Amino acid sequence: MDQSGSVQRLVLDAESTEWAIMYSLPNDPCDNYGYSGANGICRNSHPICMCLQGFTPRSQEEWEVFNTSSGCMRRIPLVCHGGEGFSQLLGVKLPGILEFSLNKSMNIEECRVKCLMNCSCTAYANSDISGVASGCIMWFGDLVDVTVFIDEDKIATFRTSCMGDLKASNILLDSNMNPKISDFGLARVFGGDENEGKTKKVGGT
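For the sequence shown, counting from 1, position 35 maps to 847 in my numbering; every step adds exactly one.
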């Protein structure tokens, strides 16, 4: 491991007696957790980082020199039940944030309504997409480590103000408008007889 935290495998060149790098991990900036900061999206294109729709860089000066760690903030603060709604992103690895709520008995419409009623809820999705999509998972607070994978059929549904500068061409939707969840890691284990629980940490994989 080098001073930047990258894991490298080296081989010694017998002729030059110098070490050569066979491979280095992570080999993609988006492999670094939270590379684009809170409410930012990391993608394999230029620019690498962008803000979620309705958000703007927290520090434009830092973003101009490709330091995106400060993340993004809302252009217009949310006013609960005052015109906000949800937008979807297709082909994303869902975020790891500090708090979420899981209810395995709710359907996606119930999940949407419950999230909309809670001003702290910033995103929601089905918690189980094996077979018939079911369950509800809601995220609270900033969304961190959202990464775009164009070849994956996964959708993130996040809260936004309808008064923001949303453009239909910039919001990718599937044909059924149904959000799906990628793999995620829980910070606690749920029992077989539990259908709802809360934890302080979730990590997307």
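Backbone N, C-alpha and C fix where the C-beta goes; we use that ideal spot for every residue, glycine too. Fair warning: this is a prediction, and the values are worked out from it, not measured in the lab.
query, result
"Other residues of its chain near Ile920: CB distance less than 6 Å, five sequence neighbours each side excluded", "Asn938"
"6 Å CB neighbourhood of Asp977 in its chain, flanking five on each side removed", "For Asp977, the predicted structure reports a pLDDT of 33, less than 50, and the residue's modelled location is therefore unreliable. The matter cannot be settled from this model."
"Unbroken beta strand (DSSP E) run spanning Gln872, endpoints", "Counting along the chain, Gln872 falls outside any beta strand (DSSP E), though it belongs to the alpha helix (DSSP H) covering Gln872 to Glu876."
"Through-space distance from Cys931 to Leu890, alpha-carbon basis", "8 Å"
"Val958 beta carbon less than 7 Å from that of Pro907", "yes"
"Which of helix, strand or coil DSSP assigns to Leu914", "strand"
"Cβ neighbour criterion (16 or more within 10 Å) applied to Leu864", "buried"
"Inside the segment 847–874 only - beta strand (DSSP E) runs reaching at least 3 residues", "852–854, 861–863 and 867–869"
"Reference Asp840; option with closest CA among Ser857, Phe898 and Ser871", "Ser857"
"Inter-residue spacing [alpha-carbon to alpha-carbon] between Trp831 and Cys884", "40 Å"
"DSSP three-state assignment for Asp940, whether helix, strand or coil", "strand"
"Cys931 Cβ short of 6 Å to the ligand SAH heavy atom set", "In the structure shown, the ligand SAH is absent, as is every other ligand, since no ligand is present at all."
"Neighbour-count burial assignment, Ala850, 16 or more Cβ in a 10 Å radius", "buried"
"Residue from Val925, Glu827 and Cys948 whose Cα sits closest to the Cα of Asp892", "Checking the sequence shown, residue 892 turns out to be Cys, not Asp. It is Val925."
"Where Asn988 sits in the DSSP three-state scheme", "Bear in mind that a pLDDT of 41 at Asn988, under 50, signals an unreliable position, so the number given afterwards is only what the model happens to contain. It is coil, neither helix nor strand."
"Distance, Lys905 Cα to Asp995 Cα", "Its pLDDT being 35, under 50, Asp995 is placed unreliably by the model, and the measurement read from it follows with that caveat. One C-alpha to the other measures close to 8 Å."
"Rounded straight-line distance, which links the Cα of Leu901 to that of Ser882", "22 Å"
"Proximity to Gly947 [Cα-Cα], best of Tyr936, Met918 and Leu955", "Met918"
"DSSP bridge partner residues for Met904 (one or two, in chain order)", "For the record, residue 904 in the displayed sequence is Val; it is not Met. Paired residue(s): Val960."
"Arg887 versus Leu914 - alpha carbon distance", "29 Å"
"Own chain, CB closer than 6 Å to Cys842, minus 5 neighbours either side, in chain order", "Cys854 and Thr959"
"Counterpart residues of Cys933 in DSSP-defined beta bridges", "Phe952"
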